[in-house]
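Encoded as structure tokens, the structure appears first; notes follow it.
Next comes the structure, spelled out in structure tokens:
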């Protein structure tokens with residue numbers, strides 16, 4: 002298995018090819034539909050890949066594997082079920098400039114989310130990305146450096162602080178034309194562990 006944490010969903014991932022070879026997957030938390038609608042208009046304006054996947058927070062960046070969907074599910078399901086209730090607070094607007102041209106809606110520090118992130122990587126036997134895990138929802142990409150502050154100000158006027166109660170984690174995979182879709186949904190336990 003390999004990962005490429007510097008790639009962002011929608012870039013360079015094509016489905017098809019050798020059906021017996023490795024397949025690409027990622028693990029994400031989708032935003033509730035009401036928040037997806039709010040952020041959707043911003044993503045449509047500022048993210049050239051907005052139509053490839055709904056608004057989400059990536060837990061495990063795209064990786065390739067020869068494991069079957071059933072094998073992946075056997076690994077992921079108990080981890081997610083054991084994570085217990087998970088609430089994410091979305092707040093400030095941040096960016097990864099100058100390294101990566103991305104503006105995002107930042108999740109506040111969350112120990113449960115960090116544990117889930119690390120456990121998924123460990124149990125899937127994937128190396129943690131070299132950079133620090135910054136849970137976020139991408140709002141804009143490929144914005145020229147001189148427009149970053151303007152776009153961040155505009156985005157901030159639309160996005161207030163929100164608390165999201167996470168109900169599930171999704172395993173996604175690319176299909177036709179690079180669109181990423183959920184191939185398996187793993188409900189999160191509502192009881193504390």
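Numbering (the working numbering), first residue to last: 2 to 194. C-beta: ideal position from N, C-alpha, C; glycine also. None of these values were measured; they are calculated from a predicted model.
Residues sharing a beta bridge with residue i, DSSP
i           : result
residue 174 : 182
residue 90  : 164
residue 138 : 58 and 106
residue 188 : 169
residue 30  : 58
Element boundaries [beta strand (DSSP E), containing residue i]
i           : result
residue 104 : 103-108
Same chain only: Cβ atoms within 7 Å of residue i, ignoring 5 sequence neighbours per side
i           : result
residue 152 : 47, 104, 141 and 144
residue 29  : 57, 58, 59, 60, 171 and 173
residue 45  : 51
residue 102 : 142, 143 and 144
residue 146 : 98 and 99
residue 122 : 61 and 129
Three-state class that DSSP yields for residue i in the structure shown
i           : result
residue 37  : helix
residue 159 : helix
residue 207 : With the chain covering 2 to 194 only, the question about residue 207 has no answer from this structure.
residue 45  : helix
residue 154 : helix
residue 132 : coil
Opening and closing residue of the alpha helix (DSSP H) in which residue i lies
i           : result
residue 77  : 70-83
residue 113 : 112-124
Determine contact between the stretch 184-193 and the stretch 70-85, defined as no fewer than three beta-carbon pairs at a distance below 8 Å.
-> yes
Does the count of Cβ pairs from the stretch 126-135 and the stretch 40-55 closer than 8 Å reach three?
-> Note that the stretch 126-135 does not touch the stretch 40-55; fewer than 3 beta-carbon pairs, one per stretch, sit closer than 8 Å.
State whether the stretch 64-74 contacts the stretch 150-165, with contact taken as three or more CB pairs (one from each stretch) at a distance under 8 Å.
-> In this structure the stretch 64-74 does not touch the stretch 150-165; the number of beta carbon pairs closer than 8 Å is below three.
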